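Undergrad: Residue numbers (the working numbering): 56 to 444. Even for Gly, the Cβ is constructed at its ideal location relative to N, Cα and C. Just so we're clear, the structure is a prediction, and the values are computed from it rather than from any experiment. Provided herewith is a single structure, encoded as structure tokens, for subsequent inquiry.
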Amino acid sequence: MEIIPFSVSKYSLETYLVKISTRSRIIYWIIIGMIVTVIAVLPFIYVDVSVQARGYFQSEIEKQIVYTPLQGKIVFSSIHSGDRVTRGDTLLIIDSETIRAQKAALIQRISDNEASILDLEKLTETDSLENQLSFKQLSTHRYKAEFANLRNQQAIQFQKYTKKKTEHERNELLYNQEIIPETDYENSLFVLSSEKDNLNQILLYQKSLWQSDLSMRKNEAVNLLASLEQCTEGLSNRIVLAPTSGEIIQSTDIQSGSIIGQGQKIAEISPDGELVATCFVKPADIGLIKEKQKVKIQVDAFNYSEWGMLQGYIIDISDDMIVENGSMAFFRIKCKPAQTFLSLKNGHKAFIKKGMSLNTRIVVIRRSLYNLLFDKADKWFNPYTYNKE
Numbered sequence: 056m057e058i059i060p061f062s063v064s065k066y067s068l069e070t071y072l073v074k075i076s077t078r079s080r081i082i083y084w085i086i087i088g089m090i091v092t093v094i095a096v097l098p099f100i101y102v103d104v105s106v107q108a109r110g111y112f113q114s115e116i117e118k119q120i121v122y123t124p125l126q127g128k129i130v131f132s133s134i135h136s137g138d139r140v141t142r143g144d145t146l147l148i149i150d151s152e153t154i155r156a157q158k159a160a161l162i163q164r165i166s167d168n169e170a171s172i173l174d175l176e177k178l179t180e181t182d183s184l185e186n187q188l189s190f191k192q193l194s195t196h197r198y199k200a201e202f203a204n205l206r207n208q209q210a211i212q213f214q215k216y217t218k219k220k221t222e223h224e225r226n227e228l229l230y231n232q233e234i235i236p237e238t239d240y241e242n243s244l245f246v247l248s249s250e251k252d253n254l255n256q257i258l259l260y261q262k263s264l265w266q267s268d269l270s271m272r273k274n275e276a277v278n279l280l281a282s283l284e285q286c287t288e289g290l291s292n293r294i295v296l297a298p299t300s301g302e303i304i305q306s307t308d309i310q311s312g313s314i315i316g317q318g319q320k321i322a323e324i325s326p327d328g329e330l331v332a333t334c335f336v337k338p339a340d341i342g343l344i345k346e347k348q349k350v351k352i353q354v355d356a357f358n359y360s361e362w363g364m365l366q367g368y369i370i371d372i373s374d375d376m377i378v379e380n381g382s383m384a385f386f387r388i389k390c391k392p393a394q395t396f397l398s399l400k401n402g403h404k405a406f407i408k409k410g411m412s413l414n415t416r417i418v419v420i421r422r423s424l425y426n427l428l429f430d431k432a433d434k435w436f437n438p439y440t441y442n443k444e
């Protein structure tokens, strides 16, 4: 009697083990050993973990956009696409005849006002009839006329005073001889005193007018200088200079005689300078990125499997995120490449140009394969892990 039927025993483990050859067992244990070895060395094999960011090459200085400061007619223009300019070169001149005329008038007014101030300072220093200026010491027609009028009034009043003084001296002699009464003598003395006061008041009154005029002139001098400075600034604003050295791109090629408006964009200058790679990193990836961190730059215009990649490092990271079009948020970083060309194995070189697009791989950390495998498994099986992608 059979314990296990033949039809069943041929599928048992014992029957299978008898059929396995020694060579098959060796291969099996080799595979098992290899798997165990690979798992064992996973914690000791480290690879670079990088963050990718899109970007482009540009000068270390941002593109400079040139706007018109004022409205007016163009009298000179040297703006042409593709032309190279040097910092300080004249790009545009706006008609300024009106402002030049205003400036000339202001300069003349300032000169006249300064001459008037000098004359007034001399006139207000006059103390008495005995210490007066000469007519030749004054330079302005107005104050020469006023000074001449003062001298004329003083001469007339001095004649009146001299007449009353003579009459008083005669009355004093008659009074001492008791020929006239005391009241006549006192009236004569009063009239003489009044004429003397009138003579002094002429100078005092005119000096008060000159002092008031001097204060007004000094205040006017401040306002005129401010107007002249504003006018000079207006003239300088009508000359548009190149803010930096570089190449003119996207210009409107404005010609002389054209009318432009204030704040109109007339040109864009691509500045000279060392090339940098400007990249844009998502806020979720910015945490481990820092300055002087190494990067690998893959240029889209060249197949990296043939041309390779550029090495570089981070030189600047924006302090805050930048929001574009109201939805896209990113951090801007700038990377400096170690060289500005790529080369093939045969030595042929291709130079990098501004505006080329690129993909930057920022090495943020070195991790073991075991940790990376564990992270992947954690994302697959941990229900609390949120996939931000």
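Could you tell me which residues DSSP pairs with Y111 in its beta bridges?
TA: Y111 pairs with T333 and S412.
Undergrad: Please report how far the alpha carbon of E224 lies from the alpha carbon of T217, in whole angstroms.
TA: Their Cα atoms are separated by approximately 11 Å.
Undergrad: Ignoring anything shorter than 3 residues or poking outside the segment 132-173, list the beta strand (DSSP E) runs there in chain order.
TA: Listed in chain order, the complete beta strand (DSSP E) runs (minimum 3 residues) inside the segment 132-173 are 145-149.
Undergrad: Would you say L296 and D144 are within 9 Å of each other, going by their C-beta atoms?
TA: Yes. Within cutoff.
Undergrad: With which residues is S360 paired in a DSSP beta bridge?
TA: In the DSSP output, where bridge partners are listed per residue, S360 has none listed.
Undergrad: Can you grab the Cα-Cα spacing for the pair D239 / Y230, in whole Å?
TA: So the two alpha carbons sit approximately 8 Å from each other.
Undergrad: Can you tell me whether Y198 is buried or exposed, with buried defined as 16 or more other CB within 10 angstroms of its CB?
TA: Burial call: buried.
Undergrad: Rank R155, K158, Q266 and F131 by C-alpha distance to the C-alpha of T181 and give the top, closest one.
TA: Among R155, K158, Q266 and F131, the Cα nearest to that of T181 is on Q266.
Undergrad: Within the same chain, show all residues whose beta-carbon is closer than 6 Å to that of K389, passing over the 5 residues directly before and after it, in chain order.
TA: Cβ within range, chain order: V331, T333, I370 and D371.
Undergrad: Okay, do the segment 286-304 and the segment 139-156 touch, 3+ Cβ pairs below 8 Å being the bar?
TA: These segments touch.
Undergrad: Which residues does DSSP pair with I100 in a beta bridge?
TA: Its beta-bridge partners do not exist; DSSP assigns none.
Undergrad: Looking at the unbroken alpha helix (DSSP H) that takes in A384, where does it start and where does it end?
TA: No alpha helix (DSSP H) holds A384; the beta strand (DSSP E) holding it covers M383 to P392.
Undergrad: When DSSP labels each residue in this structure, what does G312 get in the three-state scheme?
TA: It is coil, neither helix nor strand.
Undergrad: Okay, do the segment 267-275 and the segment 162-179 touch, 3+ Cβ pairs below 8 Å being the bar?
TA: Output reads yes: the segment 162-179 touches the segment 267-275.
Undergrad: Secondary structure at E288, three-state DSSP: helix, strand or coil?
TA: Helix.
Undergrad: Tell me which same chain residues have a C-beta within less than 8 Å of the C-beta of L193, skipping the five on either side of it?
TA: Cβ neighbours of L193 beyond the five flanking positions: D174, K177, L178, K199 and F202.
Undergrad: Just curious, the beta strand (DSSP E) that I120 is in, first and last residue?
TA: Looking at the DSSP string, the run of the beta strand (DSSP E) that includes I120 is Q119 to Y122.
Undergrad: So, at 8 Å on beta carbons, what are the nonlocal neighbours of L343 in its own chain, with the 5 sequence-adjacent residues on each side left out?
TA: If we look at L343 and ignore the five residues flanking it on each side, its Cβ neighbours are V106, V419 and I420.
Undergrad: Assuming F335 and R109 are in contact, meaning their beta carbons sit under 8 Å apart, how far apart are those beta carbons, in whole angstroms?
TA: About 6 Å separates the two Cβ atoms, so the contact holds.
Undergrad: Whose C-beta lies closer than 7 Å to the C-beta of S282 among residues of the same chain, with five residues either side of it excluded?
TA: Here the set comprises L161.
Undergrad: Check R225 in the structure and name its three-state DSSP category.
TA: DSSP places R225 in helix when its eight states are reduced to three.
Undergrad: Classify E361: buried if its beta carbon has 16 or more other beta carbons within 10 angstroms, exposed otherwise.
TA: Exposed.
Undergrad: Taking just the CA atoms, how far does D167 sit from I134?
TA: Taking the straight line joining both Cα atoms gives about 42 Å.
Undergrad: Which first and last residues belong to the beta strand (DSSP E) in which Q366 is found?
TA: Where Q366 is concerned, the enclosing beta strand (DSSP E) stretches over L365 to I372.
Undergrad: So D355 and L399 are supposed to be a Cβ contact under 8 Å. How far apart are they, rounded?
TA: Not quite, the Cβ-Cβ distance comes to about 17 Å (not below 8 Å), so this is no contact.
Undergrad: Buried or exposed for N204, going by 16 or more other Cβ atoms inside 10 Å?
TA: By the neighbour-count rule (16 or more Cβ atoms within 10 Å), N204 is not buried but exposed.
Undergrad: Residues bridged to E379 by DSSP?
TA: E379 is bridged to M383.
Undergrad: Based on the DSSP secondary-structure assignment, which residues constitute the bridge partners of Q353?
TA: N414.
Undergrad: What's the call for L428, buried or exposed, on a 16-neighbour Cβ count within 10 Å?
TA: With fewer than 16 Cβ atoms within 10 Å of its Cβ, L428 is classed as exposed.
Undergrad: Looking only at its own chain, which residues have a Cβ that is under 8 Å from the Cβ of V104, when we skip the five neighbours before and after it?
TA: Correct list, in chain order: V418, V419, I420, R421, R422 and L427.
Undergrad: Ignore the nearest five residues each way along the sequence and tell me which others in Q261's own chain have a CB closer than 7 Å to its CB.
TA: The answer, listed in chain order, is L205.
Undergrad: How close, in whole Å, do the beta carbons of V121 and I294 come, if the pair is a contact with beta carbons under 8 Å?
TA: About 12 Å separates the two Cβ atoms, so there is no contact after all.
Undergrad: Grouping DSSP H, G and I as helix and E and B as strand, with all else coil, what is K320?
TA: Strand at K320.
Undergrad: Which of the three DSSP states, helix, strand or coil, is assigned to I94?
TA: The answer is helix: DSSP assigns I94 an H, G or I state.
Undergrad: Mind checking E185: buried by the 16 CB within 10 Å criterion, or exposed?
TA: In this prediction, E185 has a pLDDT of 48, which is less than 50 and means its spatial position is unreliable; what the coordinates show is noted afterwards. When all chains shown are included, E185 counts as exposed.
Undergrad: Just the C-alpha distance for F131 and S373, rounded to the nearest angstrom, thanks.
TA: For F131 and S373, the distance between alpha carbons rounds to 40 Å.
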